[in-house]
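Visitor: If you scroll down you'll find the structure; I have some questions about it.
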Amino acid sequence: MASMLMNPIRSCSVSSSWAVRFGARSLSTTAQLQSQVQTKSKKTLARPGVKNIVLVEGVRTPFLLSGTTYADLMPHDLARAALQGLLKRTGIPKDAVDYIIYGTVVQEVKTSNVAREAALGAGFSDKIPAHTVTMACISANQAMTSGVGLIAAGQCDAVVAGGVEFMSDVPIRHSRKMRKTMLSLNKAKTLGQRLSLIGSIRLAHLSPELPAVAEFSTAETMGHSADRLAAAFGVSRVEQDEFAVRSHTLAKKAQDEGLLQDVISFKVPGRDIVSKDNGIRPSSMEQMGKLKPAFVKPHGTVTAANSSFMTDGASAVLVMSEEKALAMGYKPKAYLRDFVYVSQDPKDQLLLGPTYATPKVLERAGLSMSDIDVFEFHEAFAGQIMANLKAMDSDWFAQTYMGRKSKVKMAVGHLFAFSQKLDPCSSP
Numbered sequence: 001m002a003s004m005l006m007n008p009i010r011s012c013s014v015s016s017s018w019a020v021r022f023g024a025r026s027l028s029t030t031a032q033l034q035s036q037v038q039t040k041s042k043k044t045l046a047r048p049g050v051k052n053i054v055l056v057e058g059v060r061t062p063f064l065l066s067g068t069t070y071a072d073l074m075p076h077d078l079a080r081a082a083l084q085g086l087l088k089r090t091g092i093p094k095d096a097v098d099y100i101i102y103g104t105v106v107q108e109v110k111t112s113n114v115a116r117e118a119a120l121g122a123g124f125s126d127k128i129p130a131h132t133v134t135m136a137c138i139s140a141n142q143a144m145t146s147g148v149g150l151i152a153a154g155q156c157d158a159v160v161a162g163g164v165e166f167m168s169d170v171p172i173r174h175s176r177k178m179r180k181t182m183l184s185l186n187k188a189k190t191l192g193q194r195l196s197l198i199g200s201i202r203l204a205h206l207s208p209e210l211p212a213v214a215e216f217s218t219a220e221t222m223g224h225s226a227d228r229l230a231a232a233f234g235v236s237r238v239e240q241d242e243f244a245v246r247s248h249t250l251a252k253k254a255q256d257e258g259l260l261q262d263v264i265s266f267k268v269p270g271r272d273i274v275s276k277d278n279g280i281r282p283s284s285m286e287q288m289g290k291l292k293p294a295f296v297k298p299h300g301t302v303t304a305a306n307s308s309f310m311t312d313g314a315s316a317v318l319v320m321s322e323e324k325a326l327a328m329g330y331k332p333k334a335y336l337r338d339f340v341y342v343s344q345d346p347k348d349q350l351l352l353g354p355t356y357a358t359p360k361v362l363e364r365a366g367l368s369m370s371d372i373d374v375f376e377f378h379e380a381f382a383g384q385i386m387a388n389l390k391a392m393d394s395d396w397f398a399q400t401y402m403g404r405k406s407k408v409k410m411a412v413g414h415l416f417a418f419s420q421k422l423d424p425c426s427s428p
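The UniProt record's numbering applies: residue 1 is where the sequence shown begins, and numbers increase by one.
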């Protein structure tokens with residue numbers, strides 16, 4: 001889990017015993033909406049002798065449900081479109097970019113370094129280095145902070161970073177036995193050797209292997225983890241459905257009001273121009289209640305409707321040293337001040353990254369919760385977000401698992417600008 005501190009320029013089985021402790025403390029979405037915004041003290045985060053690094057611009061393709069309009073493309077097609085969109089919006093000369101970094105999780109074997117292939121496809125010079133990183137859910141964050149590191153170290157002045165994910169055509173492998181046979185066939189020197197190997201093939205060898213969506217170390221999917229986490233913190237199905245309805249409603253409102261200005265139109269070859277996300281679907285509690293559990297059956301609470309959808313899409317951001325950005329006439333959108341990465345128990349705390357990362361990045365920057373106007377957390381599952389809120393509001397959790405004297409003290413209702421995975425700096 002990564003946590004990044006941005007200073008916008010415009011405003012200068014988790015243990016079942018947990019359920020006993022958290023079950024009686026529900027969060028109210030209504031309370032969140034009605035909470036009054038506190039007056040914030042504005043602090044500068046600039047550090048003497050440390051180079052200022054700024055976010056100049058960010059764009060993304062529309063995020064589409066997997067298997068829809070992007071289905072016949074490849075990951076580098078989407079990443080290329082994002083890069084071209086960024087070039088068009090910023091007008092930056094291609095040779096002014098020093099480095100390109102992309103993040104992805106499910107990699108297409110034909111373009112294992114998708115950053116390099118997308119960059120070449122977008123017309124960047126073959127002299128510009130590019131590499132690809134991978135971390136579940138935060139690959140694009142890792143790409144961006146890697147760029148920040150290059151600039152801070154004086155290696156670069158301008159880095160393009162982004163994320164791409166393409167779930168419409170995930171790599172499906174032959175079985176291990178079939179792969180071994182095929183490799184042996186490739187090495188066979190005589191007809192007899194080849195016929196012998198072909199004769200050893202059995203019907204079971206032809207069974208394909210789908211990409212694993214589960215954690216290798218625990219054999220558990222994130223959906224199962226989210227369901228167990230919600231149960232441990234006493235987050236009900238109704239609360240999750242309410243929160244998901246709210247997220248989709250706000251995302252649709254933002255879409256209708258033209259607030260998602262990072263979205264660029266993309267002409268899919270042989271198809272229409274795509275200009276907006278197609279997975280934003282406001283619903284009703286009645287409709288939400290009809291869905292069955294998706295992971296823990298039959299009594300789980302995480303459903304397809306209160307989870308984020310499987311997505312195809314790509315993003316790109318231009319990160320520069322402030323000195324270089326101003327010299328080129330750009331007006332930065334934000335300072336990138338600090339970031340942290342955290343990791344915890346993959347079995348019981350896989351989705352509690354925000355709880356650990358939030359106080360850590362604030363402490364590094366010398367800030368408190370009351371200094372921040374908006375927190376944006378990735379909403380993979382409504383239950384995951386609500387469990388994190390409860391964990392951050394718990395002295396017991398802070399003392400038992402985080403080594404802190406008291407809770408993070410998050411003021412419920414003062415925190416989130418959710419757009420259902422619509423952060424331009426996030427992987428789809």
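Even for Gly, the Cβ is constructed at its ideal location relative to N, Cα and C. Model, not experiment: these values are computed from the prediction.
Give the DSSP-derived three-state secondary structure of F397 in the structure shown.
Guide: Along the sequence shown, one-based indexing puts residue 397 at 397. Helix at F397.
Visitor: Between the alpha carbons of F22 and G353, how many angstroms are there, rounded?
Guide: In the sequence shown, residue 22 corresponds to position 22, counting from 1. In the sequence shown, residue 353 corresponds to position 353, counting from 1. Residue confidence for F22 is low, a pLDDT of 46 falling below 50, so the modelled location carries little weight; the figure read from the coordinates is stated next. When rounded, the distance between both Cα atoms is 18 Å.
Visitor: Can you name the start and end residues of the beta strand (DSSP E) that M320 belongs to?
Guide: For the purposes of this step, residue 320 is taken as residue 320 along the sequence shown, with counting starting at 1. Note, M320: beta strand (DSSP E), T311 to S321.
Visitor: Can you tell me where the beta strand (DSSP E) holding R337 begins and where it ends?
Guide: Here the question's residue 337 lines up with position 337 in the sequence shown. Counting along the chain, the beta strand (DSSP E) containing R337 begins and ends at A334 to Y341.
Visitor: Taking the beta carbon of K253 as the centre, do at least 16 other beta carbons fall within 10 Å, making it buried, or is it exposed?
Guide: Here the question's residue 253 lines up with position 253 in the sequence shown. Exposed is the call here.
Visitor: Can you say whether Q384 is buried or exposed, counting buried as having 16 or more other CB atoms within 10 angstroms of its CB?
Guide: Indexing the sequence shown from 1 puts residue 384 at position 384. When all chains shown are included, Q384 counts as buried.
Visitor: First and last residue of the alpha helix (DSSP H) that includes Y356?
Guide: The residue given as residue 356 occupies position 356 in the sequence shown. Taken as a continuous stretch (DSSP letters only), the alpha helix (DSSP H) holding Y356 covers G353 to A365.
Visitor: Kindly give me the distance between the Cβ atoms of F295 and M386, rounded to whole angstroms, as I take these residues to be in contact under 8 Å.
Guide: Against the sequence shown, residue 295 aligns to sequence position 295. Against the sequence shown, residue 386 aligns to sequence position 386. F295 to M386, Cβ: 16 Å. No contact.
Visitor: Report yes or no: is there a C-beta of chain B within less than 8 Å of the C-beta of L326?
Guide: Absent from the structure is chain B; it holds one protein chain and no more.
Visitor: How long is the line joining the alpha carbons of K324 and V148, rounded to whole angstroms?
Guide: The sequence position of residue 324 within the sequence shown is 324, counting from 1. The sequence position of residue 148 within the sequence shown is 148, counting from 1. So the alpha carbons of these two residues sit roughly 14 Å apart.
Visitor: What whole-angstrom Cβ distance do H174 and P211 have, given they're in contact under 8 Å?
Guide: The count along the sequence shown starts at 1 and reaches residue 174 at position 174. The count along the sequence shown starts at 1 and reaches residue 211 at position 211. Rounded, the Cβ-Cβ distance is 13 Å, inconsistent with contact.
Visitor: Just verifying my parser: in three-state terms, what is the DSSP assignment at H131?
Guide: One-based indexing of the sequence shown puts residue 131 at position 131. Of the three classes helix, strand and coil, the one that applies to H131 here is strand, per DSSP.
Visitor: I need the straight-line Cα distance from V268 to K189, nearest angstrom please.
Guide: Residue 268 sits at position 268 when you count from the first residue of the sequence shown. Residue 189 sits at position 189 when you count from the first residue of the sequence shown. Roughly 46 Å separates the two Cα atoms.
Visitor: With a CB to CB cut of under 6 Å and the five nearest residues on each side skipped, what residues in its chain are close to V109?
Guide: Along the sequence shown, read from residue 1 onward, the residue named residue 109 stands at position 109. Same-chain partners within the cutoff: P171.
Visitor: For residue 487, collect the residues of the same chain with a Cβ closer than 7 Å to its Cβ; drop the 5 residues on either side in sequence, then sort them by chain order.
Guide: Summary: the structure shown does not reach residue 487, with the chain confined to residues 1 through 428, and so no result is reported for it.
Visitor: With a threshold of 16 other CB atoms inside 10 Å of the CB of K187, please say whether the residue is buried or exposed.
Guide: By one-based count along the sequence shown, residue 187 stands at place 187. Exposed, since its Cβ has fewer than 16 Cβ neighbours within 10 Å.
Visitor: Since I believe E165 is in contact with V106 (beta carbons under 8 Å), could you give me their beta-carbon distance rounded to a whole number of angstroms?
Guide: As a working mapping, residue 106 is identified with position 106 in the sequence shown. As a working mapping, residue 165 is identified with position 165 in the sequence shown. That belief holds up - the Cβ atoms of V106 and E165 are roughly 7 Å apart, short of 8 Å.
Visitor: In angstroms, rounded to a whole number, what distance separates the CA positions of T30 and E239?
Guide: Against the sequence shown, residue 30 aligns to sequence position 30. Against the sequence shown, residue 239 aligns to sequence position 239. The predicted position of T30 is uncertain, since its pLDDT is 35 and thus under 50; a value taken from the coordinates is nonetheless stated next. Rounded to the nearest angstrom, the two C-alpha atoms are 11 Å apart.
Visitor: Assuming the contact rule is C-beta atoms closer than 8 Å, S66 and D277 should be a hit. Round their C-beta distance to whole Å, please.
Guide: On the sequence shown, residue 66 is found 66 positions in, with the first residue counted as 1. On the sequence shown, residue 277 is found 277 positions in, with the first residue counted as 1. With 8 Å as the limit, S66 and D277 do not qualify as a contact, their Cβ atoms being about 13 Å apart.
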